[in-house]
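A short worksheet on the structure shown next.
In full-length UniProt numbering, the protein residues as written are 1 to 372.
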């Protein structure tokens with residue numbers, strides 16, 4: 001078995017003899033699958049040379065220590081999740097989307113670019129450059145042929161095949177922090193930082209459909225159309241979720257979070273709304289009357305983004321605590337170990353087949369995780 005670049009100091013075998021673990025003077029611990037005789041997962045890294053290893057009797061955890069005088073406890077389950085890393089952005093990543101059966105990833109960054117990536121990290125085409133500073137939000141059309149982006153100057157732009165379509169959409173006076181397409185692709189909703197309004201645009205003309213909706217919130221952080229397209233929900237800094245009719249009439253206010261709400265999504269049948277907040281919780285509500293049904297707790301800092309799996313059996317969340325967590329919505333509890341970044345997370349997307357999660361944030365990297 002080859003892979004380490006310095007002497008191997010310690011090895012141990014998992015109880016089922018499927019995996020062998022090795023610690024090396026190259027500052028890494030590696031996991032080897034003895035059925036295929038090759039390394040699996042990412043190397044587990046120390047800051048200095050690890051000297052000894054041990055594995056738990058149930059085969060779930062590895063303990064390692066060494067010259068740095070620190071003992072690390074690693075989850076084998078988390079380590080074995082395959083991860084692809086996409087690097088190229090020079091500033092933080094604000095927004096992500098997964099497109100196509102091949103799971104290409106579209107990313108928006110504070111460096112002013114929109115990029116598309118293949119699963120293994122290869123960039124597709126040239127980066128698209130936004131007029132007006134960092135790109136804070138993106139949304140892909142339902143048929144995946146167009147992308148809308150919102151930038152730090154308050155401008156919304158429509159893209160097709162890598163080029164802008166018509167003139168920019170202007171109206172917001174600060175960074176556009178959220179965007180969403182209606183299910184029939186006839187509307188795009190947007191909101192800007194601290195302007196408290198929701199604006200709806202006709203993507204065929206680039207014109208606003210009606211007067212801006214004044215929400216009463218200082219800043220709207222998230223907007224989501226219902227799958228049926230007959231209403232949409234918004235939420236932001238005043239901790240309140242608002243449900244609006246298609247023509248912009250307020251239908252319902254939902255209160256219960258203790259801090260600002262950063263992310264929303266609907267169930268497929270439109271009966272439920274999920275929300276993620278800076279109070280470190282994810283909540284599930286009845287959309288008809290705002291009754292709270294479930295509170296998911298486990299993150300230790302703000303929930304910045306989340307998404308619902310296609311089968312609605314699982315929800316995936318990303319947090320300022322540097323972790324991604326997967327939740328079983330039948331048991332209403334976290335499953336598996338957290339998936340970790342090196343810094344705060346802002347963006348999350350899930351592939352249409354539910355096999356991959358894309359995540360990004362302050363560390364400027366996009367991770368694509370296999371969650372099979």
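C-beta atoms are modelled at their ideal positions from N, C-alpha and C, and glycine is treated no differently.
Beta-carbon spacing of residue i, residue j below 8 Å
i: residue 358; j: residue 305; result: no
i: residue 177; j: residue 221; result: yes
i: residue 428; j: residue 105; result: Residue 428 lies beyond the stretch modelled for the chain, which goes from 1 to 372, so this question has no answer here.
i: residue 263; j: residue 303; result: yes
i: residue 224; j: residue 197; result: no
i: residue 137; j: residue 185; result: no
i: residue 146; j: residue 160; result: yes
i: residue 278; j: residue 260; result: yes
i: residue 175; j: residue 193; result: yes
i: residue 103; j: residue 356; result: yes
i: residue 330; j: residue 354; result: no
i: residue 31; j: residue 45; result: no
i: residue 144; j: residue 100; result: yes
i: residue 317; j: residue 301; result: no
i: residue 339; j: residue 86; result: no
i: residue 97; j: residue 309; result: no
i: residue 324; j: residue 345; result: yes
Member of the options whose CA lies at the smallest distance from the CA of residue i
i: residue 380; options: 159, 299, 146, 16; result: The chain is shown from 1 up to 372; residue 380 falls before or after that span and cannot be answered.
i: residue 307; options: 322, 351, 294; result: 351
i: residue 15; options: 54, 36, 257; result: 54
i: residue 19; options: 29, 7, 35; result: 35
i: residue 72; options: 51, 236, 88; result: 51
i: residue 252; options: 219, 288, 238; result: 288
i: residue 47; options: 353, 56, 30, 67; result: 67
i: residue 28; options: 202, 57, 60, 64; result: 64
i: residue 152; options: 3, 108, 163, 61; result: 108
i: residue 239; options: 202, 248, 281; result: 281
i: residue 205; options: 344, 187, 219; result: 187
i: residue 230; options: 218, 249, 322; result: 249
i: residue 385; options: 326, 360, 5; result: Here the chain has residues from 1 to 372 only, and residue 385 is not among them.
i: residue 296; options: 311, 335, 322; result: 335
i: residue 322; options: 360, 150, 11, 276; result: 360
i: residue 363; options: 371, 349, 342; result: 342
i: residue 115; options: 13, 70, 243, 163; result: 163
i: residue 366; options: 290, 89, 328, 257; result: 89
i: residue 148; options: 9, 291, 95; result: 95
i: residue 286; options: 242, 258, 328; result: 242
i: residue 59; options: 33, 119, 13; result: 13
Spatial neighbours of residue i in its chain, beta-carbon cut-off 7 Å, leaving aside the 5 residues before and after
i: residue 284; result: 272, 274, 293, 294
i: residue 112; result: 129, 130, 133, 134, 135
i: residue 227; result: 183, 266, 268, 270
i: residue 195; result: 172, 173, 174
i: residue 121; result: 84, 85, 86
i: residue 26; result: 4, 5, 6
i: residue 332; result: 294, 296
i: residue 232; result: 189, 223, 224, 225, 226, 244
i: residue 219; result: 193, 194, 196, 236, 237
Residue i: CB within 7 Å of a non-hydrogen atom of the ligand HEM
i: residue 185; result: Ligands in the displayed structure: none, and consequently the ligand HEM is not present.
Residues near residue i in its chain [Cβ-Cβ closer than 8 Å; skip 5 each side]
i: residue 42; result: 79, 83
i: residue 155; result: 130, 131, 132, 168, 169, 170, 172, 176
i: residue 247; result: 210
i: residue 37; result: 1
i: residue 61; result: 55, 73, 74, 75, 76
i: residue 119; result: 84, 102, 103, 104, 105, 356, 368
i: residue 17; result: 34
Cβ shell of residue i (< 6 Å), same chain only, five flanking positions each side left out
i: residue 199; result: 171, 190, 208, 212
i: residue 180; result: 139, 189, 223, 224, 225
i: residue 165; result: 158
i: residue 202; result: 209
i: residue 10; result: 23, 52, 53
i: residue 39; result: 3, 30, 32
i: residue 257; result: 239, 277, 279
- Query: Quick one: complete beta strand (DSSP E) runs, 3+ long, within the region 161 to 246?
  - Reply: The qualifying runs are 176 to 181, 188 to 192, 197 to 202, 220 to 225, 231 to 236, 241 to 245.
- Query: Which residue spans inside the UniProt repeat "WD" (254 to 295) form an unbroken beta strand (DSSP E) run of at least 3?
  - Reply: The qualifying runs are 261 to 266, 272 to 277, 281 to 286.
- Message: So within the UniProt repeat "WD" (296 to 337), which uninterrupted beta strand (DSSP E) runs reach at least 3 residues, ignoring any that extend past its ends?
- Response: Runs found: 303 to 308, 314 to 319, 323 to 328.
- Can you check the region 39 to 95 for any beta strand (DSSP E) of at least 3 residues that lies completely inside it and give the ranges in chain order? Those beta strand (DSSP E) runs which fall completely within the region 39 to 95 and span 3+ residues are 50 to 55, 61 to 66, 72 to 75, 83 to 87.
- Item | Entirely enclosed beta strand (DSSP E) segments - the region 116 to 164, minimum 3 residues | Correct list: 123 to 129, 135 to 140, 146 to 151, 156 to 160.
- Please go through the UniProt repeat "WD" (1 to 42) and give each complete beta strand (DSSP E) segment of 3 or more residues, from N-terminal end onward. If only uninterrupted beta strand (DSSP E) runs of at least 3 residues are considered, those enclosed by the UniProt repeat "WD" (1 to 42) are 8 to 13, 19 to 24, 28 to 33.
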